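Engineer: My structure is below; once you've seen it, I'll send some questions.
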Amino acid sequence: MATTAILAAPSTGSVQKPDDEWRAVLSPEQFRVLREKGTEARFKGEYNKLYDEGTYACAGCATPLYKSTTKFDSGCGWPAFFDAIPGAIKQTLEPDGRRVEITCAKCDGHLGHVFKGEGFPTPKDERHCVNSVSLKFNSSETSS
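Per my numbering, the sequence shown runs over residues 175 to 318.
Encoded structure:
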């Protein structure tokens with residue numbers, strides 16, 4: 175049985191579209207990851223080694239998900255964050271009970287997985303392992 179938790183207050187509204195509409199606005203790789211729960215190749219993602227100041231939003235619906243101040247180098251090959259923007263993501267225990275999937279709280283797009291208790295020296299001992307293709311980076315410089 176899957177268990178779902180929304181971190182803090184849920185975002186208002188939701189984005190629901192049929193697959194043909196998602197295919198029209200997402201690249202094939204974004205559709206595979208966000209809508210079909212795929213995983214991009216390790217160390218290949220655009221944002222794996224990006225540490226510029228800004229915000230990471232959902233590539234599907236543009237909801238802000240993570241601040242760059244919560245990003246860290248975990249060495250896993252995907253962007254890693256120790257915390258999300260309150261209410262931005264949902265955590266769901268997968269049916270096998272081994273992993274916790276993280277999805278956008280607004281459009282249910284698959285982001286990746288969260289792992290806890292790995293011993294990283296971050297304010298919260300957890301790693302949100304996120305596919306770059308699920309994200310769109312918005313630089314602080316462009317929003318000022």
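Glycine included, every Cβ here is placed at the ideal spot set by N, Cα and C. If you're wondering where the values come from, they're calculated on a predicted model, not measured in any experiment.
Can you name, in chain order, every residue of its own chain whose Cβ lies under 6 Å from the Cβ of residue 240, other than the five neighbours on each side?
Structural biologist: Translated into positions along the sequence shown, residue 240 becomes position 66. Same-chain partners within the cutoff: 230, 255 and 258.
Engineer: Which class does residue 202 belong to by DSSP, given the choice of helix, strand or coil?
Structural biologist: Translated into positions along the sequence shown, residue 202 becomes position 28. Note: residue 202 maps to helix in three-state DSSP.
Engineer: Tell me the DSSP secondary structure of residue 285 in three-state form.
Structural biologist: Position 111 of the sequence shown holds residue 285. In this structure, residue 285 counts as strand in the three-state DSSP scheme.
Engineer: From residue 187 to residue 210, what distance separates their C-alpha atoms?
Structural biologist: In the sequence shown, the residue the question calls residue 187 occupies position 13. In the sequence shown, the residue the question calls residue 210 occupies position 36. Going from the Cα of residue 187 to the Cα of residue 210 covers about 22 Å.
Engineer: Please classify residue 225 as buried or exposed, where buried requires at least 16 neighbouring CB atoms within 10 angstroms.
Structural biologist: Your numbering for residue 225 matches position 51 in the sequence shown. That one is exposed.
Engineer: Assign residue 301 to buried or exposed, taking buried as 16 or more other Cβ atoms, counted over all protein chains shown, within 10 Å of its Cβ.
Structural biologist: Locating residue 301 in the sequence shown gives position 127, counting from the first residue. Result: buried.
Engineer: Decide if residue 288 is buried, meaning its Cβ has at least 16 other Cβ atoms within 10 Å, or exposed.
Structural biologist: As a working mapping, residue 288 is identified with position 114 in the sequence shown. That one is buried.
Engineer: With distances taken Cα to Cα, identify the nearest neighbour of residue 274 among 283, 264 and 246.
Structural biologist: Taking the sequence shown and counting its residues from 1, one reaches residue 274 at position 100. Comparing Cα-Cα distances from residue 274 to each of 283, 264 and 246, the minimum goes to 264.
Engineer: CB residue 228 to CB residue 306, shorter than 9 Å?
Structural biologist: Sequence index remark: in the sequence shown, residue 228 carries index 54 (1-based). Sequence index remark: in the sequence shown, residue 306 carries index 132 (1-based). No, these two residues do not count as a Cβ contact at 9 Å.
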